[in-house]
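>
Number of protein chains: 2
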Amino acid sequence: MQWRELPAIYLEDPGSPVERSSYLIQLHTDDGGSYDVVNDASSPAARECCAQQSSARHNWEMNYQEAAIYLQEGENNDKFFTHPKNAKALAAYLFAHNHLFYLMELSTALLLLLLSLCEAPAVPMLRLGIFVHATLELFALIVVVFELSMKMRWLGFQTFIRHKRTMVKTCVLLVQFIEAIVVLVRQTSHVRITRALRCIFLVDCRYCGAVRRNLRQIFQSLPPFIDILLLLLFFMVIFAILGFYLFSPNHSDPYFNTLENSLVNLFVLLTTSNFPDVMMPSYARNPWSCVFFIVYLSIELYFIMNLLLAVVFDTFNDIEKRKFKSLLLHKRTAIQHAYRLLVTKQRPSGISFKHFEGLLRFYKPRMCARERYLTFKALNQSNTPLVSLKDFYNFYEVVGLKWKAKRNREHWFDDLPRTAFLIFKGINILVKSRVFQYTMYTVVAVNGIWILVETFMLQGGNFFSRNVPWSYVVFLTIYGVELLLKTTGLGPVEYLSSGWNLFDFSVTLFAFLGLMALAFDMEPFYFIVVLRPLQLLRLFKLKKRYRNVLDTMFELFPRMASLGLTLLIFYYCFAIVGMEFFAGVVYPNCCNTSTVADSYRWVNHTIGNKTVVEEGYYYLNNFDNILNSFVTLFELTVVNDWYIIMEGVTSQTTHWSRLYFMIFYIVTMVVMTIIVAFILDAFVFRMNYTRKNQDSEEDNGIVLEKEISKEEVIGIIELYKRTSAATETAQLQKIVLQMDKYGQMSMVFLGRRSRTKSDLSMKMYEEEIQEWYEEHSRKEESQTPLQEPASASSSSLKPLSLRQRSQTVI
Amino acid sequence: MQWRELPAIYLEDPGSPVERSSYLIQLHTDDGGSYDVVNDASSPAARECCAQQSSARHNWEMNYQEAAIYLQEGENNDKFFTHPKNAKALAAYLFAHNHLFYLMELSTALLLLLLSLCEAPAVPMLRLGIFVHATLELFALIVVVFELSMKMRWLGFQTFIRHKRTMVKTCVLLVQFIEAIVVLVRQTSHVRITRALRCIFLVDCRYCGAVRRNLRQIFQSLPPFIDILLLLLFFMVIFAILGFYLFSPNHSDPYFNTLENSLVNLFVLLTTSNFPDVMMPSYARNPWSCVFFIVYLSIELYFIMNLLLAVVFDTFNDIEKRKFKSLLLHKRTAIQHAYRLLVTKQRPSGISFKHFEGLLRFYKPRMCARERYLTFKALNQSNTPLVSLKDFYNFYEVVGLKWKAKRNREHWFDDLPRTAFLIFKGINILVKSRVFQYTMYTVVAVNGIWILVETFMLQGGNFFSRNVPWSYVVFLTIYGVELLLKTTGLGPVEYLSSGWNLFDFSVTLFAFLGLMALAFDMEPFYFIVVLRPLQLLRLFKLKKRYRNVLDTMFELFPRMASLGLTLLIFYYCFAIVGMEFFAGVVYPNCCNTSTVADSYRWVNHTIGNKTVVEEGYYYLNNFDNILNSFVTLFELTVVNDWYIIMEGVTSQTTHWSRLYFMIFYIVTMVVMTIIVAFILDAFVFRMNYTRKNQDSEEDNGIVLEKEISKEEVIGIIELYKRTSAATETAQLQKIVLQMDKYGQMSMVFLGRRSRTKSDLSMKMYEEEIQEWYEEHSRKEESQTPLQEPASASSSSLKPLSLRQRSQTVI
């Protein structure tokens, strides 16, 4: 009942804020210097509104903007000491914080990295003149200088110096600059290992935040990792000495004849790459010598290496949790900062919609008026028209929701005439039936076996025949009919909203393209035929565990990608170093004096009248250009037979080259162990979550339901009319019209977003989170006694309960 | 004060028990048939006491015995349906449950397993005639028949049939029997793959309970494992088809020319064993073909294989917890059963010492009277002389404690004269000082570097010189002095009670033996010189993490050993199968037509006047006898280059041989994954535990402190006098004398035992355990309404708090 009178309150004069925006203070203490709001992100309405320049309104606009900045900082995990402190800094901040600037950052970084494709030793097809690539480099570096100067303007010199990452970047920039100029002047490339440092430009990009986090996590996991690594190396040394004493009397054993060989071979044995071979000479002489190797492998490979994984897994887990905690508390502080800027002196207990709307105009300029109001209502858990701090803590969870009017119609064909309705209804029931599903699974399975048998019968030869095989047509027809039935039965929107259907659709489309390619003899499309077996992936829908695995995979995909990128960054560094030192050292028949000669041999025998080519192929694993280096490094990562590559290079250079390969092995071991730990952690976490919430039905994402009444909408329209925001008013008017059309007094909206790891963590650590908050607010209070008590009280930042009904009384 | 009058109560006439032993009921309903207590385990005192044959006493003796059996069943996790049900069964039970019988079980099982060393294809040195080994086998099988018949007598035919494991064993026994007789009659060995089943005799041994548990856990982890394995194989098939289509047009690529080859090579690629090689022919033709391999490895090796680990880890964890829960509840039920047999009708609220002592006489016959009383006191948490059910639940935690009188003297030399005391005190302080410790660490480190440098300087040649190197003497002297100082400063008992000191001691001893060997030219002792570097292990004491790792290792050792044994059992089965099929198929130059010919080549070139032997050595990896098979299987477990062994055997037999190797790979993958999961779980668990209990000081094991007064001891002596147990009385009298000597009215005893995984789990799941109990007792109540309420109340089975003081008032 109380709500009926509310609209009037939404329109109240804003009053004056409790706290003033720091820019504003700056502005007023300055000598009234003209200050232009250069906010690319703000909506035109906001700018128009600014133009009116009523003093109170201007005050509020500044507050909104600063609150929005605080919230952004909370979201991006930017520390508050980088918060822009005055109007000049604000301008620079706004300039440096939009997607255009970010894209420029990213593209210059990528350009710098890609330059190594063209610099000597270049990929043959992409070779550029020294003048050209050096000029390109200088240009990119100048852009970086510009970016840094913007950053300095925003941070101020003091903060700029204090910000470690930025300082490192500046130093690297300087070195690169000097080197680029040297190259330009000398017109020849010198040994430029520093190019490996170019990665820092990519790492520093706004879009690579996840990579930065990964790197930090890797470095944090290092201390315990190194401890265990030392244990590993220690045992290796002990066994090397033992092995040297035991096996060096055997002169037919080349693996232990010196202590250095003994050490190197035991290091390689740790990766199992030389396993039975390293044992064979001594085993042939005395069968009991296998005990040495079995004990070594049991201790090193099966015990300590697993211990390494355990330690990393544990540390990773711990860091993950602490990171989550600090992120959560950081967001909370950001929300507190924003809140203090948004409450009025008259009503210090909450934020009114007017101010909330002002905040959102800066925070998410693309949001429409309806969504703003729905977000406000979703936050507002009490019956009052104000959002309290307690409610406001949910800001980040709610603001990401995508709102849609809840459909009253169950099917897309409900409005059709009776006969059509019945037909479609029939199709709908058919399509949803178990029988239909299992028939389709059987068809897919039969198709799978068919393809397998067909391929098996081919046995090399004319499998790219010009005839379209009839089985292909039959199966494709069945899939086509299924697709048609499902689309008509469910409606295209519902059909495509399921990931699995989307997958079916694209596979069928690909298969159809393949058929076209076969039918019309289009050579370049032949490869699509090869995609046929992919249809078998449909079978995965059958089992719940697979669906779970795939869902988890999709949830983890961003994180996996960032880990992959992190690995690539390490690859890049090693590739540059490898190219500088080892480019061109291996070639066919290069290593005939080494122990791995066979793998590099390339001989053209003529036996009888036949030419037999004996190819060792390993000369292909070289560092001749960056692409080759990447492939070689991948082979080193896979570890098998890596010592052949190492020994090949070593035989052409010095013994010290082994250091490069061994360090690379250890680095990839760290990164791979962390990737394994991450996958382990994520899946175990997810499975625990599923076990904990077994009773709750399967759901895809977070869903929130809110109802808004006609009066409320009209109230908001009034509000927007006053600020003469035409587009918003029109949009809202449409809702009122729609309500009138269906004769409803209210309308239900659904807010939806996909679940993130953060949501899962919230649910998992539910109890602990409460403790953290209390501990945090106690700490805060002792630091800032002015903190209002509301924040100290128990917060509502529990994860949003699903389908939480609005408590609005109508 | 209440305690003062207690002794009288201990002596109370036992009264009659609430519940009668089931044997007793049997006995009385039988026609009074003579029933002999054949309990090898019971002490002579108990037997003497039995001889007196007062009816009530006899009743009680039976009750004690059955209660002890219940508790044993609880400890060994034997199901109660195998509980002996009558006097005849009891006799068989007692016969089949003592270490002599267990040892017989174990030795027959081992004999059967070891027979495969002597059966064709035998280890050359151990070959026995067919008549001999077949007779041995028959003998062992007859012993097993005897064991089984004892078991049937104890279980009864019905239960025997229901017991799955025993039934399987019986069937295997039957098959083995028939085969052994066939061998004896034909005087020649046929293909006896069934020998692989001999493992079941070992698995069924009482001492191999841990192996049984592991096997059960492995089988329970299988369903999710197989799911993910199918996913793995599915992708493999898809990629095999793709690879076949893409690469078979390249005729120089032998890896993908048929679908079968394509599949086999991708399977091998999954293990990375053929990695860069399998890619090379196509990579040489088109560099972009590396994408196929990179994608395949990323999906299969880096994603799905890790997923496999995650799933196994998760399942393993879950099973581990459930197992712990069921074990805990089983023990609880056992305790309840025992409790009901021990309370009297007059005092149903608890067990008096008299009855408790009777129980212990059967449960732990070797325990002395003092320990029995201390156990009773440790259990008794209340002020009454009776142990309630709630207290009795702690039985298993308390009964394992080893009791020792607490020393009043701080050092071993406290009683020595003044001068000696001061000297030893000085040594004591010196030895315990940080300076001394770090000096020793430095010495060890210097020694380590010395050894390294020395070995490095040797570079092959006369390192087994007859001269004792002076450095060796110097360092050994230092270690000797350290050992002497520590032994005198701390006293030999305290010195050797620390594991690290024990380690120091044995290493120094070994080094000394090595010196002796060097000095006296004893050839066979030369190997000890090789142990020198082991002294470096001392350095591990330096860091807390290493100490933690080592402690955890020791705690986990039994479990690790049982996992290793489980692996060996799998090895045995595969070794037998391998020997039956592949014995003698590989030999030097056997496989010259296959793709792996080089590895089996053995050529005697004569180049110029030098004879060069080109050895492929792989012919050594064969299945010619069981020891060779084990080594070959270990090489297959390590996985690297396993395909060379597989292809060698395949080229000599049929394509189907690959199945053996692939199945072996998958089986070891399961077992190794579970081992990894176990190590991971154990360490993560331990680290979490350490993190949770960071504040508590480092402790070695569970320690409990109890004080007993003189009156109490005298009371117990009275009790024993009545039952005329002379040895016990004498023992207790000694304590009284000791108290008199030092003029004490009471004496403090310390109970100690090492911490097990179960204790850690108790602490970790503290909260959940309470829930389980409540749930369990609710279930129990609904099943057996006669259950007394005491057990439903909250139990005291919290882990024993460390150094819990006795509440006795003196």
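Protein chains in written order, with UniProt numbering: chain A, 1 to 810; chain B, 1 to 810. From the three backbone atoms N, C-alpha and C, an ideal C-beta is built for every residue, glycine too.
Using the Cα positions of Phe424(B) and Thr673(B), report the straight-line distance between them to the nearest angstrom.
Roughly 53 Å separates the two Cα atoms.
> So with CB distances below 8 Å, who are the chain B contacts of Ser273(A)?
Ordered by position in chain B, the residues that pass the 8 Å Cβ test against Ser273(A) are Asn640.
> Taking the alpha carbon of Gln770(A) as the point to measure from, which residue in Asn214(A), Asp227(A), Lys325(A), Ala240(A) has its own alpha carbon closest?
Of the candidates Asn214(A), Asp227(A), Lys325(A), Ala240(A), the one whose C-alpha sits nearest the C-alpha of Gln770(A) is Lys325(A).
> Around the Cβ of Pro124(A), are there at least 16 other Cβ atoms within 10 angstroms (buried) or fewer (exposed)?
Its Cβ having fewer than 16 others within 10 Å, Pro124(A) is exposed.
> Which term fits Gln53(A), buried or exposed, when burial requires 16 or more other beta carbons within 10 angstroms of its beta carbon?
The pLDDT assigned to Gln53(A) is 46, lower than 50, so where the model puts this residue is not dependable, and the model offers no usable value.
> What residues of chain B sit near Ala310(A), judged by a beta carbon separation below 7 Å?
In chain order: Ile679, Leu680, Phe683, Val684.
> Determine the DSSP secondary structure at Asn625(B), reduced to helix, strand or coil.
Asn625(B) falls in the coil class under three-state DSSP.
> Kindly indicate which residue of Phe623(A), Trp772(A), Tyr643(A), Tyr438(A) has the alpha-carbon position closest to the one of Ala120(A).
That would be Phe623(A), whose Cα lies nearest to the Cα of Ala120(A).
> Whose Cβ in chain A lies nearer than 7 Å to the Cβ of Ile451(B)?
Here the neighbours are Ile241.
> Take Met440(A) as the anchor and find which of Tyr479(A), Trp403(A), Phe456(A), Ile241(A) has the nearest alpha-carbon.
Nearest of Tyr479(A), Trp403(A), Phe456(A), Ile241(A) to Met440(A), Cα basis: Tyr479(A).
> Does the beta-carbon of Ala726(A) have 16 or more other beta-carbons within 10 angstroms, so that it is buried, or is it exposed?
Exposed is the call here.
> Candidates Ile200(A), Ile161(A), Gly489(A): which alpha carbon is nearest Lys169(A)'s?
When only C-alpha atoms are compared, the closest one is Ile200(A).
> For the beta strand (DSSP E) that Met747(B) lies in, which residues bound it at each end?
Per DSSP, Met747(B) belongs to the beta strand (DSSP E) from 746-753.
> For a contact meaning CB atoms closer than 9 Å, what does Cys118(B) contact in chain A?
Ordered by position in chain A, no residue passes the 9 Å Cβ test against Cys118(B), which lies about 18 Å from the chain.
> In three-state DSSP terms, what is Val168(A)?
It is helical.
> Whole angstroms are fine: how far does the CA of Leu328(A) sit from the CA of Glu707(A)?
C-alpha separation (whole angstroms): 29 Å.
> Kindly list the residues whose CB is nearer than 6 Å to the CB of Leu567(B), restricted to its own chain and excluding five residues on each side of it in sequence; keep chain order.
Answer for Leu567(B): Val671, listed in chain order.
> Rounded to whole angstroms, how far is the Cβ of Pro254(B) from the Cβ of Thr595(B), which I believe are closer than 8 Å?
Yes, they are in contact, since the Cβ atoms of Pro254(B) and Thr595(B) sit about 7 Å apart, within 8 Å.
> Which residue from Phe275(A), Ile238(A), Gln733(A), Glu728(A) puts its Cα closest to that of Leu452(B)?
The residue with the shortest Cα to Cα distance from Leu452(B) is Ile238(A).
> Can a CB atom of chain A be found closer than 8 Å to the CB of Asp415(B)?
So, not an interface residue.
> Less than 7 Å between C-beta atoms, sequence neighbours within five positions excluded: which residues of the same chain meet that for Asn380(B)?
Around Asn380(B): Val387, Asp391.
> Could you please give me the residues that DSSP links to Asn261(A) through a beta bridge?
Note: Asn261(A) sits in no beta bridge, so no partner.
> Apart from the five residues on each side of it in sequence, which residues of its chain come closer than 7 Å, Cβ to Cβ, to residue 817(A)?
Outside the displayed span of chain A (1 to 810) sits residue 817(A), for which this structure offers no information.
> Please list the residues of the region 218-242 of chain A that have a C-beta atom closer than 8 Å to any C-beta atom in chain B, keeping them in chain order.
Within the region 218-242 of chain A, the residues whose Cβ lies closer than 8 Å to some Cβ of chain B are Pro224, Asp227, Ile228, Leu231, Phe234, Val237, Ile238, Ile241, Leu242, listed in chain order.
> Can you pull out the residues from the region 279-290 of chain A whose beta carbon lies closer than 9 Å to at least one beta carbon of chain B?
Against chain B - using a Cβ distance shorter than 9 Å - the residues of the region 279-290 of chain A are Met279, Met280, Pro281, Tyr283, Ala284, Pro287, Cys290.
> Would you please state the rounded distance, in angstroms, between the beta carbons of Arg216(B) and Asp227(A)? I believe it to be under 8 Å.
Actually they are not in contact, since the Cβ atoms of Arg216(B) and Asp227(A) sit about 35 Å apart, beyond 8 Å.
> What are the start and end residues of each continuous alpha helix (DSSP H) run of 4 or more residues lying completely inside the region 368-440 of chain B, in chain order?
The qualifying runs are 369-379, 389-392, 395-399, 418-432.
> Determine the DSSP secondary structure at Val507(B), reduced to helix, strand or coil.
In the structure shown, Val507(B) sits in a helix (DSSP, three-state: H, G or I).
> Whole angstroms are fine: how far does the CA of Phe292(A) sit from the CA of Ser262(A)?
If you take the alpha carbons of Ser262(A) and Phe292(A), they lie about 13 Å apart.
> Which of the three DSSP states, helix, strand or coil, is assigned to Lys610(B)?
Strand.
> Contact criterion: CB-CB distance below 8 Å. Does Lys543(B) meet it with respect to chain A?
So, interface residue.
> For chain B, find out if any of its Cβ atoms is closer than 8 Å to the Cβ of Pro492(A); answer yes or no.
By this cut-off, Pro492(A) is not an interface position.
> Let me see if you follow: with CB-CB separation under 8 Å, is Val585(B) close to chain A or not?
Not closer than 8 Å to any Cβ of chain A, the Cβ of Val585(B) fails to qualify, so no.
> Tell me which residue opens and which closes the beta strand (DSSP E) that Pro707(A) is part of.
At residue 707(A) the sequence reads Glu, which differs from the Pro that was named. Run containing Glu707(A): 702-709, per the beta strand (DSSP E) assignment.
> Please name the residues in the region 624-635 of chain B whose beta-carbon is closer than 7 Å to at least one beta-carbon of chain A, in chain order.
Result list: Val631, Phe634, Glu635.
> At a Cβ threshold of 8 Å, is Val549(B) touching chain A?
Val549(B) counts as touching chain A.
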